[in-house]
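Contents: one structure, followed by commentary.
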Ligand code: NAD
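In the working numbering, the protein residues as written are 124 to 370.
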């Protein structure tokens, strides 16, 4: 793997605009399981059931059942960012990477100190009032006041919704995420199987113009065939630490 890391460093040194795309796999070292991995929720209870409940229509029609499920399966443990998150923040401060486009909802890039983070699936650390005229934002600790039932807005009694993109909803930051990826010289994908659209589609679109794609992921991804370099590892933090030392 050392040879591959040296190759990655060389590729990065030649790039003037490197954008990193991250998925659930960058946060497993921090203690948050991914969905598709061995301990993931898709293996535990099935992808179909998750997609049926974590869905905007289900949220609207069966709000209480949605929240029973959300409390049980979607309450992330309080964890610190992993080494990989901190290394990416340092690489940004050194001007080596320009942006992180992330599918993650765990807020760990922001906690690690990354500044230019473009989240496309929202932020599980927040809840938002669904009343159009209100839209007040709450910290996730609001849920402590609602060990059961439906959390409500203290201003207008509106129903609160986790500030995450549910199945059936449009992603957040569509245009900035796409532009950021398409304008890059180099895209480095970390911890994503590249099966979740539309973000995977942006990476696919990037590859129609250039081959400067690097993938760091445990196991296969949908774009391995197009990558200039693929590093198959579950110790992303160690890889990025070596990269960071060389800048
Ligand atoms: P995904 O399709 O992006 O797959 C995650 C990939 O990471 C898998 O290929 C897995 O083999 C790989 N991986 C796991 N541990 C790794 C490690 N230590 N190092 C390198 N690679 C590793 O993501 P998913 O799990 O199918 O989740 C789908 C969507 O659900 C995500 O896009 C996200 O929106 C949401 N999600 C978010 C979080 C989070 O915020 N931490 C966690 C789970 C799911």
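C-beta atoms are modelled at their ideal positions from N, C-alpha and C, and glycine is treated no differently.
With H, G and I counted as helix, E and B as strand and the rest as coil, what does DSSP make of residue i?
i, result
"residue 294", "coil"
"residue 130", "helix"
"residue 331", "helix"
"residue 140", "coil"
"residue 353", "strand"
"residue 366", "helix"
"residue 284", "strand"
"residue 301", "helix"
"residue 159", "coil"
"residue 202", "coil"
"residue 173", "helix"
"residue 359", "helix"
"residue 145", "strand"
"residue 322", "helix"
Among the options, whose alpha-carbon lies nearest the alpha-carbon of residue i?
i, options, result
"residue 271", "329, 191, 286", "191"
"residue 340", "325, 362, 329, 332", "362"
"residue 252", "298, 241, 240, 265", "265"
"residue 76", "179, 220, 297, 254", "Past the boundaries of the shown model lies residue 76; the chain is included only from 124 to 370, so the question cannot be answered."
"residue 249", "235, 239, 274, 236", "274"
"residue 313", "247, 156, 358", "358"
"residue 149", "235, 170, 336, 127", "235"
"residue 360", "139, 142, 219, 152", "152"
"residue 255", "278, 269, 237", "278"
"residue 276", "261, 196, 289", "261"
"residue 221", "163, 304, 159, 353", "304"
"residue 206", "154, 171, 181", "154"
"residue 308", "170, 169, 140, 132", "140"
"residue 257", "238, 283, 202", "283"
Chain B beta carbons: is any one of them nearer than 9 Å to that of residue i?
i, result
"residue 140", "Judged by its chain identifiers, the structure shown contains no chain B, having just a single protein chain."
For the ligand SAM, is there a heavy atom less than 8 Å away from the beta-carbon of residue i?
i, result
"residue 313", "Among the ligands in the structure shown, the ligand SAM does not appear; only the ligand NAD can be found there."
Is the beta carbon of residue j closer than 9 Å to that of residue i?
i, j, result
"residue 366", "residue 214", "yes"
"residue 310", "residue 173", "no"
"residue 287", "residue 241", "no"
"residue 224", "residue 319", "no"
"residue 335", "residue 128", "no"
"residue 356", "residue 210", "no"
"residue 226", "residue 322", "yes"
"residue 193", "residue 285", "yes"
"residue 337", "residue 354", "yes"
"residue 291", "residue 180", "yes"
"residue 182", "residue 247", "no"
"residue 219", "residue 329", "no"
"residue 130", "residue 352", "yes"
"residue 166", "residue 175", "no"
"residue 157", "residue 169", "no"
"residue 245", "residue 295", "yes"
Inside the region 204-271 only - beta strand (DSSP E) runs reaching at least 3 residues: 222-225, 240-242, 245-252, 260-262
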